[in-house]
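Scroll down for the structure; my scribbles are underneath it.
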């Protein structure tokens, strides 16, 4: 194993607390796994097209990165706007909202490899979940993934109701979304370092 691979592994499994993030999930049956994988992959195609185009047009490293991020955010904004319009139309027509997930839960921590959260029920290691994770509200930045349960245990933390802690591994997630998780973790680390320095002064 090379040094770069070791560094990549450390980056992959670097984990931070993420109690402020919004997470929704729904259980997925074995027969529905491939359609869900296809759906998650197709969600990022328009955004990737925008980023490929900006890569072609811009050659300055810093400028290219800034422009790419702005185009990506704009693409996500349009996607979310479209989803909200579908939601409002479905409400007006009296039909079930499109693209919503049940089971909002409290997130515990996150890495680029997976995450953990509080849950009122235990889950088996063969259980798959379709997950929607909101990294930020403005601009609205959501990550969709197919995950599988890797551990489930009773929580020893004090909560109002008896709960379990569930650990998930990302089974299907776009590389762009994984990179956004990396950036979120980096921001959280910088924030924690600043808070520690301020506490010492």
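Residue numbers (my numbering): 601 to 801. Ideal placement from N, C-alpha and C gives every residue a C-beta, glycine not left out. Remember, it's a predicted structure, so these values are computed and weren't measured experimentally.
Identify whether residue i lies in helix, strand or coil by the three-state DSSP scheme.
| i | result |
| --- | --- |
| residue 724 | coil |
| residue 631 | helix |
| residue 756 | coil |
| residue 642 | helix |
| residue 786 | helix |
| residue 614 | coil |
| residue 773 | coil |
| residue 696 | With a pLDDT of only 48 at residue 696, under 50, the local geometry of the prediction cannot be trusted, and no value is derived from it. |
| residue 799 | helix |
Looking only at its own chain, which residues have a Cβ that is under 7 Å from the Cβ of residue i, when we skip the five neighbours before and after it?
| i | result |
| --- | --- |
| residue 803 | This structure gives no information on residue 803, because the portion of the chain shown stretches from 601 to 801. |
| residue 660 | The predicted position of residue 660 is uncertain, since its pLDDT is 49 and thus under 50; no value can be drawn from it. |
| residue 635 | none |
For a quick check, are the C-beta atoms of residue i and residue j less than 8 Å apart?
| i | j | result |
| --- | --- | --- |
| residue 707 | residue 799 | no |
| residue 789 | residue 703 | no |
| residue 772 | residue 745 | yes |
| residue 768 | residue 729 | yes |
| residue 731 | residue 623 | yes |
| residue 722 | residue 770 | no |
Going by alpha carbons, who is nearest to residue i out of the options?
| i | options | result |
| --- | --- | --- |
| residue 705 | 801, 749, 621 | 621 |
| residue 614 | 752, 794, 632, 787 | 787 |
| residue 766 | 630, 741, 635, 725 | 725 |
| residue 780 | 720, 742, 721 | 742 |
| residue 641 | 791, 782, 776, 792 | 776 |
| residue 720 | 735, 628, 755, 797 | 755 |
| residue 757 | 747, 717, 793, 791 | 717 |
Based on the DSSP output, what are the partners of residue i in its beta bridges?
| i | result |
| --- | --- |
| residue 622 | 706, 734 |
| residue 745 | 731 |
| residue 636 | Per DSSP, none; premise fails for residue 636. |
| residue 793 | Paired residue(s): none; residue 793 is not in a bridge. |
| residue 766 | 717, 752 |
Leaving out five residues before and five after residue i in sequence, what residues of the same chain have Cβ atoms less than 6 Å from its Cβ?
| i | result |
| --- | --- |
| residue 710 | 618 |
| residue 784 | 735 |
Note down, in chain order, each residue of its chain lying with its Cβ closer than 8 Å to the Cβ of residue i, except the 5 sequence neighbours on either side.
| i | result |
| --- | --- |
| residue 714 | 747, 750, 767, 768, 769, 770 |
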